[in-house]
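Asks:
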Amino acid sequence: MQELSLHILDLLQNSMEAGANKITLVVKDAPEEDELSFVVTDNGCGMTAEQCANATSPFCTARKTRRVGLGLAFLEMAVTQCGGQLRIESSPGYGTEVIATFSHSHPDRQPLGDIAGTIINAFMGETEVTFEYLHIYKNKKIKISSLKFGEFLGISFRFDRPEHLIVLEEKIREQLQTIYGGESS
Amino acid sequence: MNKLLTMEDLRALRKDALGEMTARQTCDIQVIVGMGTCGIAAGAREVVTELLKELQRRNIKNVSVTKTGCIGMCEREVLLDVVRPNEDRVTYGRVVPRDVSRIVGEHIVNGRVVEGLVVGRIAR
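Protein sequence lines, in the order shown, are assigned to chains W and A. Here our numbering is used: the first residue of the first sequence is 1, the next is one more, and so on. Here our numbering is used: the first residue of the second sequence is 1001, the next is one more, and so on.
1. Under the three-state reduction of DSSP, which class applies to V1104 (chain A): helix, strand or coil?
2. Closer than 8 Å by C-beta to Y1092 (chain A): which residues in its own chain qualify, once you throw out the five before and the five after it? Chain order, please.
3. Assign M1001 (chain A) to buried or exposed, taking buried as 16 or more other Cβ atoms, counted over all protein chains shown, within 10 Å of its Cβ.
4. Tell me, to the nearest whole angstrom, how far the beta carbon of L4 (chain W) is from that of A122 (chain W); I am working on the premise that it is less than 8 Å.
5. Looking at K1067 (chain A): is its Cβ nearer than 8 Å to the Cβ of G125 (chain W)?
6. By DSSP, does D42 (chain W) sit in helix, in strand, or in coil?
7. Hey, is A1017 (chain A) close to the ligand ZN, as in C-beta under 7 Å from one of its heavy atoms?
8. Nearest chain D C-beta to L176 (chain W) closer than 8 Å, yes or no?
9. For T127 (chain W), does the count of other Cβ atoms within 10 angstroms reach 16, so buried, or fall short, so exposed?
10. Look up F157 (chain W) in the DSSP assignment and say whether it is helix, strand or coil.
11. Going by Cα to Cα distance, which pick from A:V1065, A:E1077, A:E1046 and A:G1105 is closest to E163 (chain W)?
12. G150 (chain W) by DSSP, collapsed to three states: which one?
13. Pull up the distance between the alpha-carbon of E183 (chain W) and that of E170 (chain W), whole angstroms please.
14. Between the C-alpha atoms of G93 (chain W) and E35 (chain W), what's the straight-line distance to the nearest angstrom?
15. Select from the region 1064-1084 of chain A all residues with a C-beta closer than 8 Å to any C-beta belonging to chain W, and list them in chain order.
16. Could you tell me whether the Cβ atoms of L176 (chain W) and A100 (chain W) are closer together than 8 Å?
17. Between E163 (chain W) and chain A, is the shortest Cβ-Cβ distance under 8 Å, so that the two count as touching?
18. Report buried or exposed for L147 (chain W), applying the criterion of at least 16 other Cβ atoms within 10 angstroms of its Cβ.
19. Hey, could you find the ends of the alpha helix (DSSP H) K171 (chain W) is sitting in?
20. Scan the region 25-42 of chain W for residues whose Cβ lies nearer than 8 Å to a Cβ of chain A and list them as they occur along the chain.
21. Say whether chain W places a C-beta atom closer than 8 Å to the C-beta of T1026 (chain A).
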């Protein structure tokens, strides 16, 4: 994984495999505080304290096709190589929250990458899921919610319609452009 | 420049969308992309983005794109399955964005399997 947004895609995928239908992604890009962080919160099946403690181990996985699960292990590596922090909070039946914090200026911090592409990929085909995305850059922020976006289009937004996804992607890119104004994270 | 949409236009749009939705459920071609950690690390996101754009460019409306988790063939990711009604399910492996237009043009539109990229087939 070469971008933080790919780790985010992996987390969103985990949430959906945990049966979540409500997912929130918050990205905070704060160079002035030397912080880049993201939080993924879901209402999926959650994990027990023991599963939670082992979640970043490559030999702990819920899948049945192989005995290794590298998603959170990769994220932990990306976090520790730049002096960041990874916190996983979860309770069975309620959901899970993953919080990753990075040192913004660390030379080994991966770039944030293509967030718009990540979001449309994550929610593609998921007709039962609603999501909210909040992106904060310095003192500016944008908020995109799948429910409101449907209202904006005037039709019921569907994640299984390629043409709707493309509109969503453009919208996210455009909004990010307005808060970054040509700078990059 | 288009005029602002009136309420009537919006209703017509909605009706179109609903009509399309039912048409979609009946004559679907399905594309399924592997989006586990292995798929993501191998570049599934870029493949899907290219696929959505290609479908848009060709104005293809009867294809649904969905994703699946890891199926155990991690070394052959990115895996992309095409399921046409009444035909075998074909799995393409090690797909990169530049393969997408060929898969769409040959297989999805014309029903000719791109043999060079096939890694598996499930008889219907």
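Cβ coordinates follow ideal geometry from the N, Cα and C atoms, glycine included.
Replies: Concretely, from the data shown:
1. If DSSP states are grouped into helix, strand and coil, V1104 (chain A) belongs with the helices.
2. Annotation for Y1092 (chain A): L1079, L1080, D1081, V1082, D1099, I1103, V1114, L1117, V1118 and V1119 place their beta carbon closer than 8 Å to its own, counting only its chain and skipping 5 residues before and after.
3. The predicted position of M1001 (chain A) is uncertain, since its pLDDT is 43 and thus under 50; no value can be drawn from it.
4. Separation of the CB atoms of L4 (chain W) and A122 (chain W) is rounded to 14 Å, and the pair is thereby denied contact status at 8 Å.
5. With respect to the 8 Å criterion, K1067 (chain A) and G125 (chain W) are classified as neighbours on the basis of their beta carbons.
6. If DSSP states are grouped into helix, strand and coil, D42 (chain W) belongs with the strands.
7. The ligand content of the structure shown is nil, which means the ligand ZN is not present either.
8. Among the protein chains of the structure shown, namely W and A, there is no chain D.
9. In the assembly as shown, T127 (chain W) is an exposed residue. Its beta-carbon has fewer than 16 other beta-carbons within 10 Å.
10. Reduced to three states, the DSSP call for F157 (chain W) is coil.
11. Nearest neighbour of E163 (chain W) by Cα position, chosen from A:V1065, A:E1077, A:E1046 and A:G1105, turns out to be A:V1065.
12. The DSSP-derived three-state label of G150 (chain W) is helix.
13. E183 (chain W) and E170 (chain W): Cα-Cα distance of roughly 18 Å.
14. In a straight line, the C-alpha of G93 (chain W) is about 32 Å away from that of E35 (chain W).
15. Listed in sequence order: S1064, V1065, T1066, K1067, G1069, C1070, I1071, G1072 and C1074.
16. No, the Cβ-Cβ distance between L176 (chain W) and A100 (chain W) is not below 8 Å.
17. Chain A, which has a Cβ nearer than 8 Å to the Cβ of E163 (chain W), makes this yes.
18. Result: exposed.
19. Note, K171 (chain W): alpha helix (DSSP H), P162 to Y180.
20. From the region 25-42 of chain W, no residue has a Cβ closer than 8 Å to chain A.
21. Only weak support is given to the placement of T1026 (chain A): the predicted model assigns it a pLDDT of 48, under 50, and the question is left unresolved by the model.
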